[in-house]
Structures are given as structure tokens and as C-alpha cells.
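One structure is given here, and the rest of the page talks about it.
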Amino acid sequence: MNTTLPAYRYTATGTAMYLGIAAALLTVCIWSGWLIAVRFSSGSALTAFDLAMMRYSLPALLLLPFMWQARIAIRRTHWLHLIGISTGAGIPFFYLSSTGLDYAPVAHAGLLIPGTFPVFVTMIAVLIYRETLTRHRLIGLSLIMAGVTLLMFSSLVQQQADVLKGDLLLLGASFCWALFTVSMRVAGLPPLAAAGLLCWVSTLILGVLYLFGWVESGLTQASQDELLLQLIMQALGAGLLAGFFYGFAINRLGAENTAAIGSLTPVIVGLAAIPLLGEHLSLAALAGMAFICCGVIKASGFSRHKQKTAAIIPAPRDETDLLASR
Numbered sequence: 001m002n003t004t005l006p007a008y009r010y011t012a013t014g015t016a017m018y019l020g021i022a023a024a025l026l027t028v029c030i031w032s033g034w035l036i037a038v039r040f041s042s043g044s045a046l047t048a049f050d051l052a053m054m055r056y057s058l059p060a061l062l063l064l065p066f067m068w069q070a071r072i073a074i075r076r077t078h079w080l081h082l083i084g085i086s087t088g089a090g091i092p093f094f095y096l097s098s099t100g101l102d103y104a105p106v107a108h109a110g111l112l113i114p115g116t117f118p119v120f121v122t123m124i125a126v127l128i129y130r131e132t133l134t135r136h137r138l139i140g141l142s143l144i145m146a147g148v149t150l151l152m153f154s155s156l157v158q159q160q161a162d163v164l165k166g167d168l169l170l171l172g173a174s175f176c177w178a179l180f181t182v183s184m185r186v187a188g189l190p191p192l193a194a195a196g197l198l199c200w201v202s203t204l205i206l207g208v209l210y211l212f213g214w215v216e217s218g219l220t221q222a223s224q225d226e227l228l229l230q231l232i233m234q235a236l237g238a239g240l241l242a243g244f245f246y247g248f249a250i251n252r253l254g255a256e257n258t259a260a261i262g263s264l265t266p267v268i269v270g271l272a273a274i275p276l277l278g279e280h281l282s283l284a285a286l287a288g289m290a291f292i293c294c295g296v297i298k299a300s301g302f303s304r305h306k307q308k309t310a311a312i313i314p315a316p317r318d319e320t321d322l323l324a325s326r
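First residue of the sequence shown? That's 1 in my numbering, and the numbers climb one at a time after it.
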């Protein structure tokens, strides 16, 4: 039995913990808006390539100074963790989530991506870090799997093959996000530097794809209002703010507690989709939402946070440390 607490499970206390909770809640709001914006773009002139370029290229330029400031820390980081950061929240994640939203309702994305990635985080913990499953985590993960099974069984019964395909793609995006979360936590890089890294890697990949003619763009056919909306949600929201807030929350709360707060995402997305997209939640989706949200909270142990917590891993003296000390 491994009794050493892995790096990604260390948490802060006091003011730093409350700042982490606030950052996680802000991330949830941005996530919800991003999912709705991507779903809103389905059927429009904008392609997945256009959205990805907005998501990664503009933030890459703005975050370059933070990357340069943390260049020594980046060079010292294990290459596997750098790959996990760059791909987990990069092109593979974006493609799987945006393509999945072409087939599945946005409420399913809100359930499956933030709701099931604790399962994949636990898989990584058990397989890589040789952790043992505690009773509360096993119960929580069972509830999550019950919610996912209910959601997919409903699609099968209603013969919604496209929705099921979308759900599977969203599960793939969830795995990518779990890989990013653990890699980000173990690497301990400053949030803005890590966000800049994944944006630069993603932008370079997109550039290569475009040069070889493997992707298409529909920017010239899109309306100005649509371009403005997507620029705000992709570049400013998902690219800059969410990257910083999520990295800050992980560094202060750990991967599992951040996942627990992230379970609010399907609730916000599901309710917002009713007036904004005209999508209504089925009984199966409501039941799945209840199972998954309860499961995430139970599996993370966030409801039992009175237990002793370890000190936060020391991070490089950067903008996040200055923010936490205020």
C-alpha cells in the first residue's frame, strides 16, 4: 500500500484555500459559457478549426511573456508532464469536445466532461501512482458510472445513434482533461505559463494542419456578431481566464477537490440551455445529473474536508503567489 500522498492531492489551507474555491467557481461559469458557445456554433459557417484558432492563437501571443518568465521551470519539467499539459487541454481535447457537441446536447457535455473526468483521474492514480481506492471514492465513482450508464442507455433505448456517438466523443474529451489535470498538478508550473505552453503547441499544430490543407476555414462567411461572441468565449474566456483560474484552483485545492466544484457545471449548463438553445432535459438526463454530481462530491471527499490537509506544494514565485498573498 502506498502511504505517500501524491503531489496532485496536496491542498492549501486558510486564505489560499478560499481563493482556490473562488477560482474554481469562476472556472465553472466560464466552462458553462464555453460549452454553450461551442454548441451554438454548430451548423454555422465557423468550423472547428476556426474556433480552435481563436481558442489558442490569440492567448498564445498574450501569454508569451509568462512562458518566457517560467522558461527555466518549463525546461526542468518532465517531458511526459509537458505532453500531458499540451495535449490534455489542447487539440485532442478541443476536437473531441467540439465534434461531440455536433451530435449530443450541450447538457450531455456538461455532464460527461467535468462529471466523469474524476473517474479517469482515479484510473491514473491507481495505475501510475499505485494508489488504493478508499471506500468513499469507490462509492462516488460507482455513482458517476451509474449516471453515465443511465445517460447512454437512454440514448440506446431511444435509438439515438448520433447522440450516443457524441457521448463517446465527450468521454474521450473527459479523459484528455483528466490527463491535463494530473499533469498540471504534478508539474507545478505557474498557471499562465502552462496555459501559454499548451496554446503555443496547439497553435503550431493548427498551423501545420492548415498549411497542408487538412482543415478548412469559414471565417469569411461568419457574421460579425458571431465572430465577436466566439472571440470573447474562446480567446478571452476559455483561452485566458479559464486557463489561469483552473490552474490556480488545482494548485490550491488539488485535482480531486477542484473536480468536486466542477460538478456544478452540468447544473448551470443544463439550466442555461433551456432558454438559450431550446434544449430541454429528459428524465434520464436529470437522473444522470443527480448521480454524477453526487458521485463527484463523494469521490473527491470534498464533503469531508475537515480532515487534515497537507501544505501546498511550493511553486515558483510568480503572479499566482502574489495573488494568494494579498
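Note that CB positions come from ideal geometry on N, CA and C, so glycine has one too.
Taking a C-beta distance under 7 Å as the contact criterion, P59 and C176 do not qualify as a contact pair. Q69 sits in a helix when the DSSP states are folded into three classes. Between M184 and I297, the gap from beta carbon to beta carbon reaches 7 Å or more. T220 sits exposed, since fewer than 16 C-beta atoms from the chains shown fall within 10 Å of its C-beta. DSSP places S97 in the helix class (H, G or I) of the three-state scheme. A Cβ-Cβ distance of about 36 Å is found for the pair F94 and R135, leaving them out of contact under the 8 Å criterion.
Taking a C-beta distance under 7 Å as the contact criterion, A45 and A222 qualify as a contact pair. Judged by beta-carbon spacing, T27 lies within the 7 Å limit of Y246, meaning their Cβ atoms are closer than that value. For F212, the secondary structure class from DSSP, reduced to helix, strand or coil, is coil.
P118 sits buried, since 16 or more C-beta atoms from the chains shown fall within 10 Å of its C-beta.
Counting other Cβ atoms within 10 Å of its Cβ, L228 stays below 16 and is therefore classed as exposed. Of the residues assessed, F66 falls on the buried side of the cut-off, its CB having 16 or more other CB atoms within 10 angstroms. A buried status is given to P92, since no fewer than 16 other beta-carbon atoms sit within 10 Å of its beta-carbon. Linking A238 to W31 through their CA atoms gives a straight-line distance of about 7 Å. Under a 10 Å Cβ-count criterion, T99 is classified as buried, with 16 or more other Cβ atoms of the shown protein chains found around its own Cβ.
Counting only the Cα atoms, A187 lies some 8 Å from H78. For the pair A52 and V269, the Cα-to-Cα distance works out to about 21 Å. Following the DSSP letters along the chain, one finds L112 inside the alpha helix (DSSP H) bounded by residues V106 to L127.
For T265, the enclosing alpha helix (DSSP H) covers residues T265 to L277.
Under the Cβ criterion (8 Å, minimum of three pairs), the segment 208-216 does not count as touching the segment 111-126. Sequence-distant partners of A23 (beyond 5 residues in either direction) whose C-beta falls short of 6 Å from its own C-beta, in its chain, are F245, F248 and A249. L264 is the residue among L264, W34, F49 and L209 whose C-alpha sits nearest the C-alpha of T116. A249: member of the alpha helix (DSSP H) spanning A242 to L253, first to last residue. Around the C-beta of A48, 16 or more other C-beta atoms lie within 10 Å, and the residue is accordingly described as buried.
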